[in-house]
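Worksheet: the structure to be examined is printed underneath.
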Ligand SMILES: Cc1ncc(C[n+]2csc(CCOP(=O)(O)OP(=O)(O)O)c2C)c(N)n1
Ligand SMILES: Cc1ncc(C[n+]2csc(CCOP(=O)(O)OP(=O)(O)O)c2C)c(N)n1
Ligand code: SF4
Ligand code: SF4
Ligand code: SF4
Ligand code: SF4
Ligand code: SF4
Ligand code: SF4
Ligand SMILES: [Mg+2]
Ligand SMILES: [Mg+2]
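Chains as they are written, first to last, in this note's numbering: chain A, 1 to 350; chain B, 1001 to 1350; chain C, 2001 to 2243; chain D, 3001 to 3243; chain E, 4001 to 4069; chain F, 5001 to 5069; chain G, 6001 to 6189; chain H, 7001 to 7189.
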């Protein structure tokens, strides 16, 4: 297949189309407008629905409505717009709707800026909304992966009857890179919960209000059981682990820069591994636990003030040291910056 | 001073009035309507402003506007309504506004229920909104403390120019207990940032958009510095620590029940301590670290599916064991339930 | 002669509403209209947050819950996804016209093929009787203990009148159910508000002036009578009819 | 004869707007009105999210940023907290009438003593020219590549006409700045929209039909001319005047 | 065809609100002293003969208690 | 009193949009070929004598470049 | 001493008022007290209840699963709560709405049936059965001195309802005395 | 091989188009490529730039702080980016808007000044100075074969602008040849 040169945002939209996404609802916000704009051109041609909503709040609720009828549907936005969806996220999770949400995140807090940022990691993994709930969160590091993980998100969302999020950022959203838009074979799952009209069956209900004694606890326990089952989807990319003394870890677009730094270090013969979580929830604890058990130390590099580092620390649980190199949003760090930090870490470890 | 019998929600409102809160904006939601209803009666009498907003989103933005002029102002809501404020929370933090927000939380996710729940711990401490930011979060365990911590929240908010949250729940919000509404002496801090009209000075700006190279990073670093400074406000209540082998920890209203269980255990001679974080952000890591260093193990009891347990684990950092007893929302556990769990923990520890 | 029997679309669960609450009458009319239009099997209802949040207990049709105020957006999503569904929302004045005003008005302006039912009882019933955008001037509520002061809160929002100006709205009426005659008229309005979508003409809207005896602190009969007062501020009638 | 000089309320920072963008004219008029009313020292502006988000760079008055769409709520908070301030918002059509419609209409309905300025350029300028609630039927935007289809999006929202029906609104006008005469009229409208709050009468609103040459893909002169077309859908005039 | 008559079809639904009593043009109904399981006093047919089957009580009952058959 | 005249008070603000040129009833102005630091071609006064000081150019300039003094 | 009572009935029977009053009286008597209402949609058309704890020590939890006393004003609440009553616990029951025979299923609880509604009606205040029942509860449990209830009434009645002070007091006393008499009869037996 | 170029000028000069085209050509030539625009309000009335990386290995970061080449179409972007250019890096500069004298401050960079706007104007397409400059960049850097640029044009020009294919090609060639000639003159010197 011939590669095409597209932005990450476009690759996400193409991945959704490949997955058979039938409805898109969204509201403009930089740096992800290419998603709605592509959907506006393409979806109507394919008999799908593109609708620009009056706000992100409306968009995510349109998503709720569409997903409740069992069609594949998605919305996308960037940090402030994602925050506006917080309440409805909690509903989506409570109603167990397989809806897909994309956050092409940008610098915060507040209006912040439009540069790349990973400042929404907590929000994505710990829940922007209220109550105990989780989204399944995937984070691509290349344009090809943006395409494939977005499609995969639709599959996993249906598999677990569960909202899924693609967490990426302005860097991946805005850059172009060759994409091979290959056909993907995705599984389908029965939707015996979907609201399609009570024909030949009693009326169905999707609701989150549980007032009877013990009902809400039972609901929560069911959800937690599902979240535990989802752990088997945890994925990470691990490189150069064999003889490593230090594992450098990063997710999403920043991991590209970190990987380059690791490779620089490897070339100089430093015993450094690279770990990139691909799923952020469930967090891929296993490689961290295993490396820690071997005494490997960790350097977590993030484009924020330190968020994923908590998940690394929780995985490692004191069995080895975890250091943080945080880059709050603005200009991106260069591989050299990270390389220097790696050297310092190794030196300190002696 | 003669005690009065009031609900926790009312005590919060009275604490705010005692702190000189001049403006209240809110939107009805169970189980905290006593706050707006009391404010509606009392504030106008005192020359203050009570305004019912058209939504929580409007309310928190009215709060933003009022706080920007340097007056003491607050809003309150419960879980779903708090989620709706997520975007603006990020702005409040970015604009460094000393606004006070109360969450009398209830069962989730989604519409959930109206019973007590601690399911919003992550949301409160890790940020509902986008970007790296924090609220100062206080959690009372009695009606007297609801009064005093609410007043204190206004002081701390001004001290750090920083939004503060009272995180409590339906149990404390709805129950009545005697309150001694004593006079509190609160510090005031200069407000040379407030927007009061550019009289005799150039126009001032409160903004969060930083597009210049490195500007947003600098902003974030300043905020982080402040969050580190706030650590000195970390507070916890520790009991029976001397000879303890196990420390049972809980916050807010649930801690009352846990404390009773700990006391039952103590009466039977079990070596059990009780730790109650009063500030949830900053999290009082110190007592946990110190106890862990002495080999004390932890049992974290929460009215959710396990959230604060992460902060305990991060504090303890593998130096001792941390177990979780989670009660997702519905009926509250009885002290006996927790007592039994304590005994099992102690037995397992041998 | 016509018999009056329990509508088939209703389940046999008793309503949880307070004695004399008009939500119940609106429920029955809705059930009758769905039945008579023959759309029970393709009906999709959006339950909103308010006293009527348990809608799904009472109607034997597919029903989805939407967050407070977002019913029209959720309905939009469902209808766009599956245009063959007959989609309706059932909302209170707080849900439709306070927190959800944007979603409500934009769905109407877009001419969404959905039917929105707003139960205007001038208060937030569910949460215990606070001010709503439709509270009358001078009316006491728990958050306006001295009565709604127009200098503080302005005047009641007249939703039907606003919607009447939108080309996307195919049917728009305000009705009451406090007399037998009005109950019959209300049913006809509801029927037309459904025809608006079934015949693909646009947004259908019916606003019910509805008694809330408990929060009005009146018995059922006097509350029904008080609805007459409401009609001075909220005139009854069909404001737009393109069905 | 009258001299025309740089208004004192403006800072000397160059506007970041595109060539020929009418935001600049509206800015200048706003500065002149604040100056002539003598309220620079008690002015409080709310910058909204849109092309005008850098408002604070240009006006030497106190200015606060509000999240997208929430300017009227923030303004409400400020005004209620300090009624002596002269509070205004400066918003785009997307900010005021799409995401912020609830906050805008409720502030107006309550009769908040604030002045809201809406720059209606029929698109989302800042984000690159997407559909807005005021986009004309048939108008191409980046999210309506075939032009706005009323069957999908309905017809443009006429905000001034809606607000004209609210008793809380003391002044409401739609103006344009695409001819010298209209610029003068716009200034008078703006002045009255401020008097509405200064004289404690209610909400003041001015909607500017505003050219966006870049997203309309026209040069400055032709964009200004195109504003005349807009007036067919959005008639100019004073819709309510109780000042 | 026989005249249609009111019947208390679902007494357990009744909340004793009295709307049917108030609106019945023939004074057929009354709220009695018997309580149902919900604790509400239940409507009773006190003058069955006077009933014209007009259906007004059905129309006005918020709890769909009555039928006219 | 002397006749008021247009002047290019702040050429660095000019974006060469040409609105002033278009609206000036006396054809006093023109967008020249000189660029300012922003990179825009700047307005020029080509027929200063024809200027009546009417202020139309000031009114129409979106960038407050001109003054009439 | 720790006294944990659930008061229950249907909406309109003054359950929350009675619970509040008991807590107020306890506070005025120098006890630690908590009061916890059940609220929300559950209240709409159904039972209504609240929990009051009175203790001479700090009260940890205001939630009580197994109360030591009950005040039940109607049959559904009798059926719901009596099974949860502690063994040897006391239930004051509104005989006007709950048949005494129901008590037979619970031989290990103490029951005091009182014609609360009738007593109130006899005093001329048919709506105040709650006060008669409360009077009985206070009389039998002796958890607070009756004067504290009478003074507490003043504290919790809002000024615009001050005219209800005397009626409430009268019915309370009536219930109090009824219970004393009944108890003494019982003890004499 | 890793070629990192920043293209810069002001809005309307076709900077993003030129960058896109270069990346497309690189992709068609079988290279790894990334293209990164600078976007947002910064674009409004100011400079505009983008970064293109071409490499025969996987590209980690599309962000370049110190580029190995530059294409600057106006003075502000010359002033902003030339100091960041790597030592011995190449800058293709639009002589039509940037005085050659400015290069004197940077003795350790290589400059190619090209009258891009004039060349385009001579071809009859005054707006296509970007293509002349790109032609020059491709000629001197040899990072991609010029045919790939010409074929790439077809891929990135939307159908409704197909009529611009030829003009773009012509101006590109003009710039390409100009640069070759100049380079050979230079080498002959
Ligand atoms: C986001 C959010 N805010 C507030 C609430 C609390 N709440 C529940 S119902 C309701 C309003 C009900 O009023 P209305 O819509 O008029 O319906 P009614 O109960 O009067 O029929 C509110 C504010 C909520 N559930 N969610
Ligand atoms: C919550 C949120 N959603 C979306 C955006 C992105 N955004 C910035 S400006 C804007 C709209 C601008 O349109 P308008 O209000 O019409 O102003 P204009 O730029 O046309 O003057 C949007 C959607 C944002 N910053 N925040
Ligand atoms: S509170 Fe009012 S609206 Fe709600 S059920 Fe009761 S009477 Fe009806
Ligand atoms: S995009 Fe449009 S509205 Fe925004 S500055 Fe440019 S011309 Fe003005
Ligand atoms: S109207 Fe219905 S609920 Fe009311 S008393 Fe009559 S039958 Fe009962
Ligand atoms: S049918 Fe008519 S007459 Fe008979 S009981 Fe009902 S209202 Fe009365
Ligand atoms: S109108 Fe203003 S910006 Fe435009 S060309 Fe004239 S002086 Fe320059
Ligand atoms: S003042 Fe009038 S005549 Fe003079 S340049 Fe300006 S528009 Fe032309
Ligand atoms: Mg209502
Ligand atoms: Mg706009």
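By construction, the Cβ of each residue, glycine as well, lies at the ideal position given by its N, Cα and C atoms.
Keep in mind it's a predicted model, so treat the numbers as computed, not measured.
Check	Outcome
In angstroms with no decimal places, state the Cα-to-Cα distance between residue 3050 of chain D and residue 3153 of chain D.	22 Å
Is there at least one non-hydrogen atom of ligand 8 closer than 7 Å to the beta-carbon of residue 5017 of chain F?	no
Less than 8 Å between CB atoms is the rule here; does residue 1160 of chain B satisfy it with respect to chain A?	no
Give the single residue among C:2079, C:2048, C:2123 whose Cα lies nearest to the Cα of residue 2139 of chain C.	C:2123
Is it the case that the Cβ atoms of residue 7070 of chain H and residue 7052 of chain H are separated by a distance below 8 Å?	no
Could you tell me whether any Cβ in chain D is nearer than 8 Å to the Cβ of residue 1204 of chain B?	yes
I need the straight-line Cα distance from residue 54 of chain A to residue 3093 of chain D, nearest angstrom please.	11 Å
Pick helix, strand or coil for residue 4062 of chain E, following the three-state DSSP scheme.	coil
Of the choices A:167, A:41, A:216, whose alpha-carbon is the least far from that of residue 3130 of chain D?	A:41
DSSP three-state label for residue 52 of chain A, please.	strand
By the DSSP assignment, the alpha helix (DSSP H) with residue 1305 of chain B in it spans what residues?	Counting along the chain, residue 1305 of chain B falls outside any alpha helix (DSSP H), and DSSP gives it neither H nor E.
In angstroms, rounded to a whole number, what distance separates the CA positions of residue 1192 of chain B and residue 1205 of chain B?	12 Å
For residue 7057 of chain H and residue 7099 of chain H, I'd like the C-alpha separation in whole angstroms.	37 Å
Buried or exposed: residue 3145 of chain D, going by 16 or more other Cβ atoms within 10 Å of its Cβ?	exposed
Would you give the residue range spanned by the alpha helix (DSSP H) that residue 130 of chain A belongs to?	Premise fails: residue 130 of chain A is in no alpha helix (DSSP H) and is neither H nor E.
How is residue 4040 of chain E classed by DSSP in three states: helix, strand or coil?	coil
Taking residue 5007 of chain F as part of the beta strand (DSSP E), name the residues at either end of that continuous run.	5006-5008
With 16 as the cutoff for other CB atoms within 10 Å, does residue 7087 of chain H come out buried or exposed?	exposed
Determine the direct distance from the alpha carbon of residue 290 of chain A to that of residue 267 of chain A, and round the result to whole angstroms.	24 Å
Should the segment 6123-6137 of chain G be regarded as contacting the segment 6006-6022 of chain G, the criterion being three or more beta carbon pairs within less than 8 Å?	yes
If you compare alpha carbons, which of H:7049, H:7183, H:7144, H:7067 is closest to residue 7026 of chain H?	H:7144
Rounding to the nearest angstrom, what Cα-Cα distance links residue 1251 of chain B and residue 1304 of chain B in this structure?	12 Å
Going by the C-beta, is residue 23 of chain A closer than 7 Å to any heavy atom of ligand 8?	no
Between residue 1121 of chain B and the rest of its own chain, which residues show a CB-CB distance below 6 Å, the 5 nearest in sequence each way excluded?	1307, 1308
Verify the contact flag: residue 3052 of chain D, CB atom, against every heavy atom of ligand 2, threshold strictly below 7 Å.	yes
Taking the alpha-carbon of residue 1176 of chain B as reference, which of B:1283, B:1001, B:1187, B:1011 has the nearest alpha-carbon?	B:1011
Applying the criterion that 16 or more other CB atoms from any shown protein chain within 10 Å of the CB defines a buried residue, is residue 7 of chain A buried or exposed?	buried
Relative to chain B, which residues along the segment 3052-3065 of chain D have a C-beta separation below 8 Å, given in chain order?	3053, 3054, 3056, 3059, 3060, 3061, 3062, 3063, 3064, 3065
What is the residue span of the beta strand (DSSP E) that residue 243 of chain A lies within?	Neither: residue 243 of chain A is in no beta strand (DSSP E) and is coded neither H nor E.
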